[in-house]
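There are 2 protein chains.
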Amino acid sequence: MNKKYLELTKLIRSKQNDHEILKCLSNYHENDIADMLTVMTPKERKRIYTLLEPQKIAEIFAYLDEPQIYFSELSVKDAAKVVSLMDSDDAVDVLETLDDKKKYEIVENLDKAAIKDVKMLLSYDDDEIGSCMTTNYICIPKGLSVRQAMSELVRQAGTNDNISTIYVLDESLKFAGAIDLKDLIIARKHDVLDDIIVRSYPSVTDHEKIDDCMEKIMDYSEDSIPVLSQDGHMLGVITSEDIVEIVDNEMGEDYAKLAGLTAEEDLKETTAQSMKKRLPWLIILLFLGMIVSSVVGVFEHVVAVLPIVICFQSLVLDMAGNVGTQSLAVTIRVLMDETLTGKQKLFLLVKEMKIGLLNGGILGIMALALLGIYIHLFKGYTWIGAFGISGCVGISLLVAMVISSLVGTVIPMFFHKIKIDPAVASGPLITTVNDLVAVVTYYGLAFLLLIM
Amino acid sequence: MNKKYLELTKLIRSKQNDHEILKCLSNYHENDIADMLTVMTPKERKRIYTLLEPQKIAEIFAYLDEPQIYFSELSVKDAAKVVSLMDSDDAVDVLETLDDKKKYEIVENLDKAAIKDVKMLLSYDDDEIGSCMTTNYICIPKGLSVRQAMSELVRQAGTNDNISTIYVLDESLKFAGAIDLKDLIIARKHDVLDDIIVRSYPSVTDHEKIDDCMEKIMDYSEDSIPVLSQDGHMLGVITSEDIVEIVDNEMGEDYAKLAGLTAEEDLKETTAQSMKKRLPWLIILLFLGMIVSSVVGVFEHVVAVLPIVICFQSLVLDMAGNVGTQSLAVTIRVLMDETLTGKQKLFLLVKEMKIGLLNGGILGIMALALLGIYIHLFKGYTWIGAFGISGCVGISLLVAMVISSLVGTVIPMFFHKIKIDPAVASGPLITTVNDLVAVVTYYGLAFLLLIM
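Protein chains in written order, with the UniProt record's numbering: chain L, 1 to 452; chain V, 1 to 452.
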């Protein structure tokens with residue numbers, strides 16, 4: 001647990017003069033100061049703003065979850081100064097939390113350099129990798145000496161803090177390779193710079209979908225990855241902090257979709273916002289559920305003759321649903337690997353069905369035995385009658401689990417193939433198909449074995 | 001899509017002599033070479049191993065998903081040399097994939113320095129942050145000049161490549177602060193080093209659970225975070241690549257647990273391994289499902305009199321289940337923030353119930369209207385009889401959805417409070433409670449309104 005900001009808040013409130021406050025703040029991390037701001041009163045915050053340099057405010061504000069609240073406490077001029085001093089991706093993140101009027105005012109008042117970068121980043125869609133990059137990086141022309149490269153680095157490091165990789169551009173300003181800062185530091189003055197340029201350094205292009213290149217970015221596990229235009233010009237970099245954020249967001253989305261939410265939610269959202277994220281899926285499910293209901297209706301006469309069978313409908317359906325979800329979750333994660341061959345997909349399908357068969361067998365036998373005893377003892381059926389009914393449950397469990405594994409694997413593969421996000425579309429369809437299969441198997445078997 | 005390794009494989013296979021192969025390999029990233037190894041024959045691979053320096057092999061092997069296969073193709077001596085040259089956390093990751101005999105043999109043959117680091121890392125539990133750290137970092141004593149610090153950096157950079165942050169230790173070797181390499185590079189020779197040491201730099205302690213400190217590590221978004229012993233000695237660092245891996249793993253675990261898997265799975269696991277991950281949850285659910293079955297049994301007489309009610313049981317239960325899962329997923333993510341106050345938890349609970357009430361109201365009314373018409377037209381009931389039944393469904397939906405929201409929020413909070421992982425324990429319990437509530441409400445209402 002991180003309670004440092006509470007300690008800091010207490011300390012700041014106890015200080016009398018500006019000098020003491022400043023000194024105290026300098027002993028804390030920007031993240032702690034940002035957390036402190038969230039618990040202070042607007043009046044206390046305004047005092048803090050007047051004490052700090054814009055550069056420091058920019059660093060602190062980059063850590064805020066809801067920067068719009070705090071930006072509204074600054075004048076447009078001051079806000080623009082702070083945004084200008086932020087990393088371009090942080091600046092864009094902040095601007096996107098503001099209402100359009102405020103955003104426009106601030107953009108108009110930005111530094112010249114910042115305006116260009118911010119406008120470029122804003123031009124990308126949210127799901128394009130270009131929207132996550134920062135223009136804060138070091139680049140040098142090809143053909144420098146080690147010494148020249150080093151002094152170029154020192155010159156640029158004043159304004160750019162992502163220095164661990166130095167990017168090399170050729171004459172036409174196209175990306176030509178990267179130098180690990182470590183290699184530059186340990187190089188001798190008279191070494192040839194060309195020897196330490198890594199030409200196999202990975203890169204992404206600006207309009208690539210984040211979904212599509214995330215695995216690649218993670219695989220190469222570099223500190224930063226250059227973002228190039230279609231024709232190879234360098235536009236920005238994805239830093240390791242960006243990578244962490246991207247992974248967190250993407251995984252969060254997969255997680256949310258699996259739970260039937262259209263996007264990840266948090267505590268700060270209004271009830272209406274949360275409702276909107278959940279309602280679409282629920283409405284779809286209601287309609288699909290009605291289809292299942294009409295199929296169950298076909299078996300009304302089975303229930304009329306043998307009401308005990310309804311006891312175990314929820315059991316069979318729930319198990320089928322659970323198995324389907326397990327297969328779905330595994331398949332979605334496996335499908336993230338875009339290099340998957342058809343053979344591997346078939347392998348996955350066969351494996352899922354084998355698991356369904358084996359698990360279904362185990363659970364089917366358990367259900368057969370335990371429910372048979374239960375029905376005999378508590379429901380007053382004969383041993384044969386009891387095991388007839390529990391046999392239907394056991395066989396239905398086995399069949400439903402195999403089919404659910406199949407459906408839970410094939411449906412996301414199908415959606416993936418036709419380029420629809422399988423995490424969104426599969427859930428409701430799988431639930432419905434599984435319910436139908438389970439209902440038909442269970443009541444069908446009961447009719448055939450017990451009634452006919 | 002990343003198909004570079006296929007291009008490389010083709011290229012290497014077309015080369016005649018060692019020199020050509022080496023030159024060609026030098027143009028590709030280690031990650032691509034690692035991918036290439038996975039598609040080559042053992043004979044081809046052995047040729048590659050003999051051509052490359054152990055340092056290069058170590059870099060390539062760090063990118064392999066299943067290093068054990070490739071390590072078995074090296075002699076113990078060579079394998080030990082390669083492991084010795086890896087980052088300590090990568091080395092430990094590799095060793096943990098090997099069988100105990102092979103692992104022991106390699107550890108015995110490691111470099112002296114490597115043995116110490118590897119044994120320390122192996123001493124941590126998998127869920128402790130110490131198990132993820134690397135001992136590859138730069139540290140300098142307090143009190144150096146800028147110039148001395150720079151030359152110390154150059155000296156250590158030869159063997160340590162995480163140089164973007166330089167850690168400062170005091171006389172008793174305790175962590176005293178960190179220097180951003182950028183600040184050191186732009187500092188003038190006669191600047192005071194003390195001025196650029198950040199004393200508020202965040203840190204974690206070695207035995208902290210990864211779960212507990214992940215949010216903190218992400219919040220501070222630094223390139224690397226020092227890992228300290230209880231008494232403040234520096235043991236290692238968590239690099240940005242480690243952070244990406246940690247976030248990916250932790251989120252993957254949450255995802256898997258939500259799907260009813262005990263851990264994330266991938267394509268390479270055997271059927272038996274996957275079965276083991278899924279069966280426990282299924283067995284628990286089977287038993288909980290039996291409890292629900294026995295409660296449904298209480299309402300057998302309702303069904304015997306009015307068989308049509310069974311048509312909509314699956315609808316009500318499915319919807320309750322979905323709403324419960326939505327609330328569960330949101331609550332688990334919110335609970336990850338350890339700074340949450342009781343007031344905020346209550347706020348979440350009230351909000352979830354409001355959403356349940358509103359969504360339940362909308363869906364309840366839809367069900368009432370649509371099912372009433374359906375029952376009248378297709379089942380031959382009078383309008384009053386039809387709306388009586390669909391009214392039961394509508395009200396049950398509303399009640400079940402409110403209760404499911406409540407249960408889906410309270411149960412994970414309860415498990416969180418008593419320090420049981422809510423992501424694991426909540427799912428089955430919530431399903432069961434929701435099923436019970438839905439069944440009792442639905443059949444209870446049907447009995448009261450339609451039969452009595």
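Glycine included, every Cβ here is placed at the ideal spot set by N, Cα and C.
Asked                                                                                                                                                                                 : Found
Under 8 Å by Cβ, that's how I've got residue 62 of chain V and residue 87 of chain V pegged, so tell me the actual separation to the nearest angstrom.                                : 7 Å
Scan the region 260-275 of chain V for residues whose Cβ lies nearer than 9 Å to a Cβ of chain L and list them as they occur along the chain.                                         : 260, 261, 264, 265, 266, 267, 269, 270, 271, 272, 274 and 275
Just to confirm, is the Cβ distance from residue 330 of chain L to residue 352 of chain L under 9 Å?                                                                                  : yes
Compile a chain-ordered list of the residues in the region 157-173 of chain L whose CB is closer than 9 Å to at least one CB of chain V.                                              : 157, 158, 160, 161, 162, 163 and 164
Under 8 Å by Cβ, that's how I've got residue 127 of chain L and residue 209 of chain L pegged, so tell me the actual separation to the nearest angstrom.                              : 6 Å
Assuming residue 299 of chain L is part of the beta strand (DSSP E), what are its boundary residues?                                                                                  : Here residue 299 of chain L belongs to no beta strand (DSSP E), and DSSP marks it neither H nor E.
Can you confirm whether residue 133 of chain L, when its beta carbon is compared against all beta carbons of chain V, has any partner nearer than 9 Å?                                : no
Since residue 396 of chain L and residue 438 of chain L should fall inside the 8 Å C-beta cutoff, what is the C-beta to C-beta distance between them, to a whole number of angstroms? : 7 Å
Check whether the Cβ atoms of residue 327 of chain V and residue 404 of chain V sit closer than 9 Å, and answer yes or no.                                                            : yes
Give the DSSP-derived three-state secondary structure of residue 120 of chain L in the structure shown.                                                                               : helix
At least one CB of chain L closer than 9 Å to the CB of residue 311 of chain V: is that the case?                                                                                     : yes
Just the Cα atoms here: how many angstroms apart are residue 429 of chain L and residue 131 of chain V?                                                                               : 41 Å
Can you list, in chain order, the residues of the region 342-374 of chain L whose Cβ is nearer than 8 Å to any Cβ on chain V?                                                         : 344, 347, 348, 351, 354, 355, 358, 359, 362, 363, 366, 367, 370, 371 and 374
Report the CB separation of residue 289 of chain L from residue 366 of chain V in whole angstroms; it is logged as a contact under 8 Å.                                               : Wrong, their Cβ atoms sit about 11 Å apart, outside the cutoff.
For residue 1 of chain L, which residues of its own chain have a beta-carbon under 7 Å away from its beta-carbon, when the five flanking residues on both sides are left out?         : Caution is warranted here: a pLDDT of 47 is assigned to residue 1 of chain L, below 50, making its placement in the model unreliable, and no coordinate value can be reported.
Here's a check: name, in chain order, each residue in its chain whose Cβ is nearer than 6 Å to the Cβ of residue 408 of chain V, leaving out the five neighbours to either side.      : 324, 327, 328 and 430
Can you have a look at residue 190 of chain L and say buried or exposed, based on whether 16 or more other CB atoms are within 10 angstroms of its CB?                                : exposed
Tell me which residue opens and which closes the alpha helix (DSSP H) that residue 431 of chain V is part of.                                                                         : 422-446
I need the DSSP call for residue 17 of chain L, collapsed to helix, strand or coil.                                                                                                   : coil
Whole angstroms is fine: what's the gap from residue 450 of chain V's alpha carbon to residue 312 of chain V's?                                                                       : 15 Å
For residue 136 of chain V, is the classification buried or exposed, using 16 other Cβ atoms within 10 angstroms of its Cβ as the cut-off for buried?                                 : buried
Three Cβ pairs or more, each shorter than 8 Å: is that satisfied between the region 261-276 of chain V and the region 229-238 of chain L?                                             : no
Are the beta-carbon atoms of residue 48 of chain V and residue 21 of chain V separated by less than 9 Å?                                                                              : yes
Using the C-alpha atoms, what's the distance from residue 371 of chain L back to residue 383 of chain L?                                                                              : 11 Å
How many Å lie between residue 416 of chain V and residue 163 of chain V at the Cα?                                                                                                   : 39 Å
Based on the DSSP output, what are the partners of residue 236 of chain V in its beta bridges?                                                                                        : V/227
Assign residue 446 of chain V to one of two classes, buried (16 or more other C-beta atoms within 10 Å of its C-beta) or exposed (fewer than that).                                   : buried
Show which residues of chain V have a CB atom less than 9 Å away from the CB atom of residue 9 of chain L.                                                                            : Here the premise fails: no neighbours, minimum Cβ distance about 13 Å.
For chain V, find out if any of its Cβ atoms is closer than 9 Å to the Cβ of residue 255 of chain L; answer yes or no.                                                                : yes
Flag this pair as touching only if the region 100-110 of chain V and the region 74-87 of chain V have three or more C-beta atom pairs under 8 Å; answer yes or no.                    : yes
Using DSSP with H/G/I as helix, E/B as strand and the rest coil, what is residue 177 of chain L?                                                                                      : strand
Would you kindly report the start and end of the unbroken alpha helix (DSSP H) that includes residue 399 of chain V?                                                                  : 383-417
Would you tell me roughly how many angstroms separate the C-alpha atoms of residue 28 of chain L and residue 54 of chain L, rounded to the nearest one?                               : 17 Å
Counting beta carbon pairs with one atom in the region 291-302 of chain V and one in the region 332-341 of chain V, are three or more of them shorter than 8 Å?                       : no
Does the CB of residue 96 of chain V have a neighbour CB from chain L at under 9 Å?                                                                                                   : no
So residue 422 of chain V and residue 332 of chain V are supposed to be a Cβ contact under 8 Å. How far apart are they, rounded?                                                      : 6 Å
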